[in-house]
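Note that full-length UniProt numbering has the sequence shown beginning at 1, numbered continuously upward.
Using N, Cα and C, we set each Cβ at its ideal position, and we do this for glycine too.
Bear in mind that the values here come from a model prediction, so they are computed numbers and not experimental data.
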Amino acid sequence: MAAKKVLVVYAHQSSGSFNAAAKDAAVEVLCAQGCTVDVSDLYALKFKATATAEDIVGEVKNQDHFRYAEETKLAWEEGKLSEDIVEEQRKLTQADLVIFQFPMYWFSVPGIMKGWIDRVLTSGYAFTQEKRYSQGIFKDKKAMLSFTTGSNESMFSANGINGDMNVTLWPLQNGILHYCGFQVLAPQIFWAPSHVKAEARGTMLGGWRTRLQGLLLEAPLSFTPSDSFDGAKGFQLKPEVQEKHEGQEFGLTVGTHQGKRLPPNSQIRAGV
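Below, the structure is given as structure tokens:
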């Protein structure tokens with residue numbers, strides 16, 4: 001594998017955590033392959049989670065009605081974003097692959113990581129109305145979620161009390177990563193490591209290390225291409241696309257399911 005640049009956006013408070021071990025494994029294995037790895041340790045950085053006018057250096061355009069997306073887009077264009085955002089955007093711009101390493105909180109990312117997403121992926125820099133989804137700005141980059149759960153795998157099944165993990169992941173993988181154009185690799189899910197023995201945790205990390213050996217060669221998850229939707233008609237599926245899939249048992253994706261059964265494991269495994 002040719003040398004690549006990797007950014008690990010990491011959110012855990014403890015260096016003794018399983019998440020820390022997963023992060024360390026990624027750094028070790030990828031560096032051994034010749035990759036350059038940057039780690040943004042959000043808690044160590046005391047990264048600001050709230051999106052406020054403080055993210056802009058100098059005066060804002062409209063103090064009476066502050067609109068974060070508009071103001072930060074203008075600040076990005078004028079080089080007036082706060083220093084911490086500029087630094088994270090620098091790392092992201094250079095990265096070929098971004099790994100988000102975190103414990104799942106309330107079926108999503110921890111607040112400090114959501115703050116990174118809110119503040120770093122500014123309008124103009126990470127997306128525009130014309131450049132999003134399969135035509136997105138980061139379409140030449142790969143990204144993935146690597147996370148621990150507090151519940152067992154069975155609880156995140158289609159018949160489980162937490163519901164289908166594919167549904168849980170859709171807002172994160174489609175609504176954030178794919179929206180910005182990333183090629184989204186299948187997530188690395190560590191099921192309830194705090195509820196298993198040390199040997200089982202070691203097996204989990206061993207599987208992660210093995211996967212890391214060929215990570216950058218993996219095929220990404222499948223999403224419906226942007227040109228399948230008609231922008232002039234509210235970005236609805238084009239009639240010819242609907243007709244093509246009329247006889248299919250499953251919908252196109254978890255989100256664009258056409259009222260059909262959800263495609264199984266399409267947010268967990270590539271090629272399905």
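Cut-off 7 Å between Cβ atoms - residues of its own chain near residue i, not counting five sequence neighbours on either side
{"i": "glutamate 148", "result": "In the sequence as presented, glutamate is not what sits at residue 148; that position holds threonine. For threonine 148, where only same-chain residues beyond five positions count, the Cβ hits under 7 Å are Phe18, Asn19, Pro103, Met104, Phe190, Pro193."}
Spatial neighbours of residue i in its chain, beta-carbon cut-off 8 Å, leaving aside the 5 residues before and after
{"i": "serine 40", "result": "Leu7, Val8, Val9, Tyr10, Phe47, Glu88, Lys91, Trp116"}
{"i": "alanine 95", "result": "Lys5, Val6, Leu7, Asp38, Lys141"}
{"i": "cysteine 31", "result": "Val37"}
{"i": "isoleucine 56", "result": "Glu71, Thr72, Ala75, Lys80, Leu81, Ser82"}
Sequence-distant residues of its chain with Cβ nearer than 6 Å to residue i (five each side left out)
{"i": "methionine 1", "result": "Caution is warranted here: a pLDDT of 49 is assigned to methionine 1, below 50, making its placement in the model unreliable, and the coordinate value is therefore given only provisionally. Contacts found: Gln33, Leu216."}
{"i": "glutamine 183", "result": "Lys142, Pro220"}
Proximity to residue i [Cα-Cα], best of the options
{"i": "glycine 251", "options": "Gly175, Ser14, Leu262", "result": "Leu262"}
{"i": "leucine 221", "options": "Trp106, Lys142, Val241, Ala22", "result": "Lys142"}
{"i": "methionine 113", "options": "Asp227, His12, Ile268, His245", "result": "His12"}
{"i": "valine 86", "options": "Val184, Asp64, Ala126, His65", "result": "Ala126"}
{"i": "glycine 58", "options": "Leu74, Ala44, Thr50", "result": "Leu74"}
{"i": "glutamate 130", "options": "Leu185, Asp24, Cys180, Ala186", "result": "Cys180"}
{"i": "aspartate 153", "options": "Ala232, Thr168, Met144", "result": "The sequence shown places glutamate at residue 153, not aspartate. Ranking Ala232, Thr168, Met144 by Cα distance to glutamate 153 puts Thr168 first."}
{"i": "phenylalanine 107", "options": "Met144, His65, Asp164, Thr52", "result": "Asp164"}
{"i": "alanine 22", "options": "Leu205, Leu185, Cys35, Gly214", "result": "Leu205"}
{"i": "isoleucine 176", "options": "Tyr68, Tyr133, Asp84", "result": "Tyr133"}
{"i": "serine 15", "options": "Gln101, Gly231, His245", "result": "Gln101"}
For residue j and residue i, the rounded distance between their alpha carbons
{"i": "asparagine 162", "j": "glutamate 78", "result": "45 Å"}
{"i": "alanine 158", "j": "proline 264", "result": "9 Å"}
{"i": "glutamine 236", "j": "glycine 202", "result": "46 Å"}
{"i": "residue 274", "j": "serine 146", "result": "Absent from the structure is residue 274, since the part of the chain shown begins at 1 and ends at 272."}
{"i": "alanine 200", "j": "glutamine 188", "result": "16 Å"}
{"i": "leucine 45", "j": "phenylalanine 138", "result": "25 Å"}
{"i": "alanine 198", "j": "leucine 81", "result": "44 Å"}
{"i": "proline 110", "j": "tryptophan 76", "result": "25 Å"}
{"i": "glutamine 63", "j": "lysine 260", "result": "47 Å"}
{"i": "aspartate 84", "j": "leucine 185", "result": "27 Å"}
Distance between beta carbons of residue j and residue i, contact taken as under 8 Å
{"i": "glutamine 174", "j": "serine 266", "result": "It should be noted that the sequence gives asparagine, not glutamine, for residue 174. In fact, because the Cβ distance is near 10 Å, the residues do not count as touching under 8 Å."}
{"i": "tryptophan 170", "j": "glycine 271", "result": "With 8 Å as the limit, tryptophan 170 and glycine 271 do not qualify as a contact, their Cβ atoms being about 18 Å apart."}
Open item on the list: Quick check: the segment 196 to 214 against the segment 225 to 240, are at least 3 beta-carbon pairs closer than 8 Å?
Closed with: Touching, no, given that fewer than three Cβ pairs across the two stretches are closer than 8 Å.
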